[in-house]
Structures are given as C-alpha cells and as structure tokens.
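So for the sequence shown, our numbering puts the first residue at -11; every next one is plus one. The block underneath contains the structure these notes are about, expressed in structure tokens.
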Amino acid sequence: MKNLDERTITQAVIERNSSSGNERLKDVMHSLVQHLHSFAREIELTEEEWEIGIKFLTDVGQICSPTRQEFILLSDTLGLSTLVIAQNHKKPVGCTEATVFGPFHVQNAPRLPLGSNMSIGVKGTPWFVNGQVRGIDGKVIPYAEIEVWQADDDGFYDVQKEGLNEYQGRAIFTADQEGKYYFETIVPEAYPIPHDGPVGKMLEALNRHPWRPAHLHFMISAPGYERLVTHVFKESGEYLDSDAVFGVRSSLIAEWTYHENGTDQNGQFHATPFYTLDFDFILNHKKEAVRHD
Ligand code: BEZ
Ligand code: FE
C-alpha cells in the first residue's frame, strides 16, 4: 500500500489489522481506528495540536505509579468510566447502583472483625456505619465480603500520605449470617482529585474544578451475585451536582445522621458528637460469563 491519502488511510489501517485471529480485538481496533481518524478529520487536527496531544498522553503515562493512576483520573474526568459502568451494569430496579472505582483502592487491605474501627489514630468525627446485604430476590446474603475505603478528615487517602506505611481508612469485613455489617470509622470530607499533574492542567484549561463530594467506597462480593463497586454519598454535601468524575447517583445519597451525644451501635455512650449511617446493599444475580475470544 503506497500513496495513501486523507481518503484512503483509514481503510488501509483497518485492512492491515484484519488478519488477527482475535475477533474481538479486530472489532475493537476497527472501531477505534475509524473513530480516531474521524475525530482528526472532524476537528481538522493541526500538527501542533497533535503534538500537544502526544505530549499530554506522555505526561499522563510518566506521572503514573502504583499509587498515582493518572489514566484512571483521565478516564474518570472524561466520563468514560461512568459510561463503561452504565453500559455494563444494567440491573433490575431495586438493585444498588454501581459507580466509579477510582484510583485509591489497594489490594490486601486488613481483614477486620465486624464492629472494628478501621481508622484508629486518624483525627475526625467518629462515624458508626451499619446495614445489611440482600439479593434482589429479597433473600439475605450471609457472609458477604465488604471492602471499604475512604479519605480522611482532610480529604486524603492513606496511599497519598508520604511515609505512611500502614493501612488507614480501609478494611475488609465479612457480614454476619444475616447479611448484617457494622464498623466504626471517621467522617470523610469532600476532596479534590489529584490535580497537580496533566489531568489537573486539563481541568484548569477547561475551567473545571477537581472536587468530589464526600463519600465512602464499598466493594461487595458474594458467591452467585454480581460484584458491586459503589459509594455512599453524604446528603446535602457540596459538589453533589458537579462531581469532577461524574459518579453521583441519587440512589446512593444517604443521610449521615449527626448525634450531639448518645449510645453507638456497640452500646458505648459518647458525650461528644458522632455520626451514624444505616445503608443496605441490594445485589443483582450474577450473569452468565460471555467470552470474546
Ligand atoms: C475516588 O473516589 O477515590 C476517586 C474517583 C475518581 C477519581 C479520583 C478519586
Ligand atoms: Fe474516593
């Protein structure tokens, strides 16, 4: 293939890719090349703009590390994460909705007994969280695995704190025989997504803020049910209508109840203020796996 031009280049690339034995990869690349070329044609991409784009993607890659996942931030701030989640988690009404995973989940969080405090030594207002995990059929799901992670009172996750080598504000709990879970933590605040890198510059150039409303992350797994990755957002918190990563769903906004004083779920009296949250999760049945090879 020689002398390719504006009209013929797209088909030439698609044909060159067509001998792959992986049908799904072929379809993905066909569509990707077509859309990428259409994009360049539609906006009449200049060489200077193309160079800026390549430099931007290079910067996104170079700032990445195991604890700084700029490509996730890029996907999230462009709404791609929310789109992919929406089209892959169409569930019956009544199931708890999914939302973005984000870059701050880490493997091997500590497994703590129900009722434990997962934020020992972290400053902030005590928060007692509880609820139940059930299936969409109404059945209680015993022993569901509930992974939780959150920012602190200053809006930072443990992995963002230099020199901190312990887990803070994250844990894995196992629900009891009745699907009930309960634990203690501190109330997290709204926070800006990391914005000292290329994605932050992009947001600034677009006159967008980097803030996320206050939330608690959950990942819930149980045999026979679809894994649920979601958040619970604080009712009447800031940024619910302008989340930098488009993750808010009305059904995930709940009352984080303030108590001037009183008795917590462990039966302990507090003379100083604390919050409580009561939130149930409803899981969908697992779909049959679809293979694409
Ligand atoms: C988070 O909620 O942890 C998060 C999600 C998307 C981008 C940045 C942070
Ligand atoms: Fe978060």
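We put the CB at the ideal spot given by N, CA and C, even for glycine.
Anticipated Cβ contact below 8 Å, residue i with residue j, distance rounded
{"i": "ILE208", "j": "ILE134", "result": "5 Å"}
{"i": "VAL262", "j": "PHE144", "result": "Note that residue 262 is Phe in the sequence shown here, rather than Val. The pair is not a contact, with the Cβ atoms about 21 Å apart (cut-off 8 Å)."}
{"i": "GLY112", "j": "ASP140", "result": "6 Å"}
{"i": "THR245", "j": "THR264", "result": "5 Å"}
{"i": "SER230", "j": "GLU85", "result": "Not a contact, Cβ separation roughly 19 Å."}
{"i": "ILE181", "j": "ARG158", "result": "Their Cβ separation, rounded to whole angstroms, is 18 Å, which puts ILE181 and ARG158 out of contact at 8 Å."}
{"i": "HIS205", "j": "VAL110", "result": "Contact doesn't hold; Cβ gap of about 16 Å is too wide."}
{"i": "PRO101", "j": "ILE60", "result": "Incorrect: roughly 31 Å between the Cβ atoms, too far for contact."}
Three-way DSSP call (helix, strand, coil) for residue i in this model
{"i": "SER104", "result": "coil"}
{"i": "ASP266", "result": "strand"}
{"i": "ALA86", "result": "coil"}
{"i": "PHE27", "result": "helix"}
{"i": "ARG237", "result": "coil"}
{"i": "PRO186", "result": "helix"}
{"i": "SER209", "result": "strand"}
{"i": "HIS18", "result": "helix"}
{"i": "SER53", "result": "strand"}
{"i": "THR218", "result": "strand"}
{"i": "ARG196", "result": "coil"}
{"i": "GLY250", "result": "strand"}
{"i": "VAL48", "result": "helix"}
CB of residue i within 7 Å of CB of residue j, strictly
{"i": "VAL187", "j": "GLU37", "result": "no"}
{"i": "VAL233", "j": "PHE221", "result": "no"}
{"i": "HIS219", "j": "THR87", "result": "yes"}
{"i": "ALA163", "j": "ALA132", "result": "yes"}
{"i": "GLY167", "j": "PRO211", "result": "no"}
{"i": "GLY82", "j": "ASP266", "result": "no"}
{"i": "ILE2", "j": "ARG122", "result": "no"}
{"i": "ILE160", "j": "ARG99", "result": "yes"}
{"i": "GLY103", "j": "ASN254", "result": "yes"}
{"i": "ASN286", "j": "MET17", "result": "Only positions -11 to 281 of the chain appear in this structure, which leaves residue 286 out of reach."}
{"i": "ASN272", "j": "LYS79", "result": "yes"}
{"i": "LEU62", "j": "VAL48", "result": "yes"}
{"i": "THR(-2)", "j": "HIS23", "result": "no"}
{"i": "VAL175", "j": "PHE89", "result": "no"}
Residue span of the alpha helix (DSSP H) that contains residue i, given as start and end
{"i": "VAL1", "result": "-3 to 4"}
{"i": "THR70", "result": "68 to 76"}
{"i": "LEU61", "result": "58 to 65"}
Residue i versus residue j - alpha carbon distance
{"i": "MET106", "j": "GLN156", "result": "7 Å"}
{"i": "ALA97", "j": "GLN138", "result": "12 Å"}
{"i": "THR(-4)", "j": "GLU30", "result": "16 Å"}
{"i": "THR173", "j": "GLU39", "result": "47 Å"}
{"i": "LYS275", "j": "GLY151", "result": "42 Å"}
{"i": "THR251", "j": "TYR170", "result": "15 Å"}
{"i": "ASP268", "j": "SER224", "result": "20 Å"}
{"i": "THR55", "j": "GLN95", "result": "11 Å"}
{"i": "ILE51", "j": "GLY9", "result": "34 Å"}
{"i": "GLU192", "j": "SER69", "result": "20 Å"}
Span of the beta strand (DSSP E), counted from its first residue to its last, around residue i
{"i": "PHE116", "result": "114 to 123"}
{"i": "HIS282", "result": "Nothing about residue 282 can be read from this structure; the chain reaches only from -11 to 281."}
{"i": "VAL136", "result": "133 to 137"}
{"i": "THR173", "result": "168 to 174"}
{"i": "THR162", "result": "158 to 162"}
Closer than 6 Å: residue i CB and nearest ligand 4 heavy atom
{"i": "GLY90", "result": "With respect to ligand 4, the structure shown offers nothing to examine, as its ligands consist of ligand 1 and ligand 2."}
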